[in-house]
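For reference, the structure is listed below as structure tokens.
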Amino acid sequence: MTSRIVGTGSYLPETVVTNDDLSKIMDTSDEWISSRTGIRERRLVKEETTASMAAEAAKRALENAGVSADEIDLIIVGTITGDYVTPSTACEVQAAIGAEHALAFDLNAACSGFMFALSSAHAYLQANLANAALVIGVETLSKIMDWNDRSTCVLFGDGAGAAVVKRDEVGLSGLDLGSDGAKGMVLACPNRTNNNPLVQTDKALGYTYMDGQEVYKFAVTTVPESIHKAVEHAGLEIGDIKYFALHQANIRIIQSVAKRLKVSVDKFPISLDHCGNISAASVPILLDEMNQKGMLERGDKIVMSGFGGGLTWGTAVLTW
Ligand code: COA
1469 MTSRIVGTGS
1479 YLPETVVTND
1489 DLSKIMDTSD
1499 EWISSRTGIR
1509 ERRLVKEETT
1519 ASMAAEAAKR
1529 ALENAGVSAD
1539 EIDLIIVGTI
1549 TGDYVTPSTA
1559 CEVQAAIGAE
1569 HALAFDLNAA
1579 CSGFMFALSS
1589 AHAYLQANLA
1599 NAALVIGVET
1609 LSKIMDWNDR
1619 STCVLFGDGA
1629 GAAVVKRDEV
1639 GLSGLDLGSD
1649 GAKGMVLACP
1659 NRTNNNPLVQ
1669 TDKALGYTYM
1679 DGQEVYKFAV
1689 TTVPESIHKA
1699 VEHAGLEIGD
1709 IKYFALHQAN
1719 IRIIQSVAKR
1729 LKVSVDKFPI
1739 SLDHCGNISA
1749 ASVPILLDEM
1759 NQKGMLERGD
1769 KIVMSGFGGG
1779 LTWGTAVLTW
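Right under this line is the structure:
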């Protein structure tokens, strides 16, 4: 017995911001952004919140799965940009969709958030601690970007993706997850500073800082290794995999991973051109787009892999 994804859903904010739009408010260009990253546009929130996007993606995943909110007994949300420190985004989703029997909590693994949430839901399901889980990746990254730092803010977007997961005979068959906290500061965003009477400070909230070249080196070495380990864990070979659904950070990272795995880049579906990097939401949004386009057939072997802040990485092999 394992755990199977039985439905997917996603939500992108209404407002489209193209590279040309950004070039009107900062010193950048479509040529610089698209040639180095593959990103052409991203969606940014105006009215939407982290919880509203997550709830909408969850409703669409439930509808796609043919599962009612009443049946859901576990909600795990991967996010680093919840609307509140507490309540969690997962508890807000629970209230919004009426999943009153669910245990709900958030998990922080940055761009690996969906993969860590999926593996956690798998563990709950296999331990009979839950029967039907909603696993969500959602981010409002636009609120933690320094909009004066053109080297980071142009890369990221907002959005949500969700999957319904249940116990089944086929589904998840291989996992590889890991963390390297010693390198955490190459991609970091400080939280609020302590302002208690002993340490009073006037420091403002910090924004995201990234050493792009270090993150690039980490991704192109760690991700192929992780994929090899997960595929081996599943008792499969790289050639058995129909699609590699990778975290959508940068087209050059995806091309390099494909080359290192000796796999055609055609097997790596792309959403970063219209989404940018949406951290924990990237993989489930991409999976939902593949599902909606009819690219996935029962029995297909798929790899999903997330990587980023922490540093963290997580790969799953599954049979659709
Ligand atoms: N528009 C125009 N110029 C920009 C720019 C922008 N948005 N951002 C930075 N630049 C400039 C810099 O100021 C610098 O100029 P200088 O040489 O005059 O000092 C120059 O571009 C740096 O360019 P380059 O050396 O080509 O940068 P790069 O090859 O390292 O590319 C990234 C930058 C961010 C695209 C690349 O490092 C990367 O993709 N890293 C991985 C990041 C990532 O995916 N993170 C998330 C993982 S979860």
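Residue numbers for the sequence shown follow our numbering, beginning at 1469 and rising by one. The C-beta atom is built at its ideal place from N, Cα and C for all residues, glycine as well.
- Taken in chain order, the complete alpha helix (DSSP H) segments of 4 or more residues contained in the region 1486–1521 are 1487–1491, 1498–1505.
- Inclusion of S1497 in the 7 Å shell around the ligand COA follows from its C-beta lying nearer than that to a non-hydrogen atom of the ligand.
- Using a Cβ-Cβ distance cut-off of 8 Å, the region 1479–1494 and the region 1616–1630 are in contact, since at least three pairs of beta carbons, one from each stretch, lie closer than that value.
- Between the region 1696–1716 and the region 1746–1760, the count of Cβ pairs shorter than 8 Å is three or higher; the stretches touch.
- The chain-ordered list of residues whose CB is nearer than 5 Å to some heavy atom of the ligand COA reads T1496, W1500, R1504, C1579, R1618, S1619, V1622, G1680, Q1681, V1683, Y1684, A1717, N1718, G1776.
- Inter-segment contact for the region 1482–1495 and the region 1690–1701 is absent: fewer than three beta-carbon pairs are separated by less than 8 Å.
- The C-beta distance from D1626 to T1608 rounds to 5 Å, short enough to meet the 8 Å contact threshold.
- In the same chain as E1524, and ignoring 5 residues on each side of it, the C-beta atoms closer than 6 Å to its own belong to Y1479, in chain order.
- Within the region 1743–1777, the runs of beta strand (DSSP E) that reach at least 3 residues and sit entirely inside it are, in chain order, 1769–1776.
- Taking one beta carbon from each stretch, the region 1648–1661 and the region 1677–1686 have 3 or more pairs nearer than 8 Å; the two touch.
- With a contact defined as Cβ atoms closer than 8 Å, H1742 and R1508 qualify at about 7 Å.
- Taking 8 Å as the cut-off, the Cβ atoms of F1736 and I1721 do not count as close.
- Residue range 1680–1701 is occupied by the alpha helix (DSSP H) that includes S1694.
- Secondary structure within the region 1545–1587: the beta strand (DSSP E) runs of 3 or more consecutive residues, fully enclosed, are 1571–1575 (chain order).
- With at least 16 other beta carbons inside 10 angstroms of its own, Y1711 counts as buried.
- Following the DSSP letters along the chain, one finds V1725 inside the alpha helix (DSSP H) bounded by residues 1719–1729.
- For L1754 and T1661, the gap between their C-alpha atoms comes out near 35 Å.
- Of the candidates V1771, S1556, T1780, V1771 places its Cα closest to the Cα of T1787.
- For K1651, the three-state secondary structure derived from DSSP is helix.
- In its chain, beyond the 5 residues on either side, S1491 have a beta carbon closer than 6 Å to the beta carbon of S1497.
- At a Cβ-Cβ threshold of 8 Å, T1554 and A1519 do not count as neighbours.
- Counted as a single uninterrupted DSSP element, the stretch harbouring R1618 is not any beta strand (DSSP E) but the alpha helix (DSSP H) occupying residues 1618–1621.
- Straight-line spacing of the CA atoms in G1605 and A1598 works out to 19 Å.
- CA-to-CA, the gap between V1725 and C1559 works out to about 36 Å.
- Contact check between the region 1568–1585 and the region 1756–1774: three or more CB pairs, one atom from each, fall below 8 Å, which counts as touching.
- Separation of D1489 and R1510 (C-alpha to C-alpha, rounded to the nearest whole angstrom) is 10 Å.
- Distances from the alpha-carbon of I1719 to those of G1703, A1687, D1541, Q1668 put A1687 closest.
- Nearest C-alpha to A1784 among L1623, I1612, L1704, A1572: L1704.
- In this structure, L1571 is the residue among L1571, D1648, S1739, P1752 with its C-alpha nearest to the C-alpha of L1542.
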